[in-house]
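Take the sequence shown: its position 167, counted from the start at 1, is 176 in my numbering, and no numbers get skipped. For glycine and all other residues, C-beta sits at the position ideal for the given N, C-alpha and C. From a predicted model like this one, the values you see are computed outputs, not experimental measurements. So the structure is just underneath, and the comments pick up after that.
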Amino acid sequence: MKLVLISTLTMTIVLTGCSVPTAPQSVASLDGIFSEPIGRSASTQLPSGPGTSVGIVYSRNTQTNRAYLNDYRANAGTGFGQSLLAQPIHDAYVATSAPDMAVDWVKASLQRQFGSVTEYPDMQSLRAARPDVAAVVDARSQLITSRSSDVEADVSAHFYDRNLNYIGTARGHDAKSLSPLWADYKRSEDIVADINKQQEVQVSALQKFDQSLSNLLTRPTSNVSMNDDNKSDNLY
């Protein structure tokens, strides 16, 4: 009987998570946003305060990432190993893959710094509304799968003036390589603890975004490169 229990536990660990989707291939954060070249704003500071309106559009990565996290949450522990999945492991998958976590965090951060924050479906709609500041929000995640325990999160907001000239970028990024999730020596409690760590990575990236935004609001933007975001466009 003891041998059967051990075998069942091993099978549970090996099979759980086998159908959890992998992170999609990312594109350049501004891909599909602008139809023409953009210039540098004459402003040396990102305007803020209760009288400043901000319009948000979400990048293709952000939209793809939301679909990925929805899929990740829906498929956690499904497939051949579903009947063997311990409930705490399933719950940890679900709790750490909130599809709107990054978007909601960034929007709340902007609402604390600006007078109004409005979402638009595309840049054409935002351009017509002419807010004081435009922001392109780019969010990407890579979560645990049965084949990889590497976790990564990247979030950025690219800011432009009323005429859609570039001002600067606020960014937060974090990554961590965990021990192999489905090693046959791990207890259910250890697996849950590891899965929960992926939310710590996501929160850390968002906290770094807040610090970057604070720096952008208080320091001159003249030394910020328009290409600073390119170095992490191919994270995954």
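Find the nearest neighbour of residue i within the set the options, judged by alpha-carbon distance.
i	options	result
Asp-141	Gln-151, Thr-178, Val-126, Leu-152	Val-126
Met-110	Asp-163, Thr-53, Ala-51	Asp-163
Thr-73	Pro-30, Asp-183, Tyr-102, Leu-226	Pro-30
Leu-226	Asp-100, Ala-32, Gln-122, Ile-204	Gln-122
Val-66	Leu-187, Glu-128, Ala-32	Glu-128
Gly-181	Val-112, Ala-85, Asp-100	Val-112
Ala-202	Ala-137, Arg-156, Asp-100	Asp-100
To the nearest angstrom, report how far apart residue i and residue j are at their CA atoms.
i	j	result
Thr-178	Arg-196	43 Å
Gly-58	Arg-69	29 Å
Pro-229	Ile-42	25 Å
Leu-135	Ile-98	42 Å
Pro-189	Ser-158	6 Å
Leu-130	Glu-198	Contrary to the premise, residue 130 reads as Pro rather than Leu in this sequence. When rounded, the distance between both Cα atoms is 42 Å.
Ile-47	Leu-39	11 Å
Arg-149	Gly-64	20 Å
Ala-3	Ala-166	The chain is shown from 10 up to 245; residue 3 falls before or after that span and cannot be answered.
Val-223	Thr-61	For the record, residue 223 in the displayed sequence is Ser; it is not Val. Taking the straight line joining both Cα atoms gives about 16 Å.
Asp-80	Tyr-102	11 Å
Asp-147	Ala-83	23 Å
Tyr-77	Asn-174	31 Å
Val-145	Gly-124	18 Å
Identify, in the order they occur along the chain, each residue of the same chain with its Cβ nearer than 8 Å to the Cβ of residue i, setting aside the five sequence neighbours on each side.
i	result
Arg-139	Arg-171
Lys-206	Val-160, Lys-185, Leu-187
Taking its Cβ as the centre, do 16 or more other Cβ atoms sit within 10 Å of residue i, making it buried, or is it exposed?
i	result
Ser-221	buried
Glu-161	buried
Gln-216	exposed
Thr-249	Within the shown structure, residues of the chain are numbered from 10 to 245, placing residue 249 beyond reach of any answer.
Gln-133	exposed
Ala-137	exposed
What residues in its chain sit with their C-beta under 6 Å from that of residue i, if we drop five residues either side in the sequence?
i	result
Gln-208	Thr-105
Cutting at 7 Å between CB atoms, please list the residues of its own chain near residue i, excluding the five before and the five after it.
i	result
Gln-96	none
Ile-176	Ser-50, Ser-52, Leu-55, Phe-168, Tyr-169, Asp-170, Thr-230
Asp-183	Ala-162, Val-210, Ser-213, Ala-214, Lys-217
*For the stretch 99-106 and the stretch 116-124, state whether three or more C-beta atom pairs, one from each stretch, are separated by less than 8 Å.*
In the pairwise beta carbon analysis, the stretch 99-106 is classified as not touching the stretch 116-124: fewer than three pairs are separated by under 8 Å.
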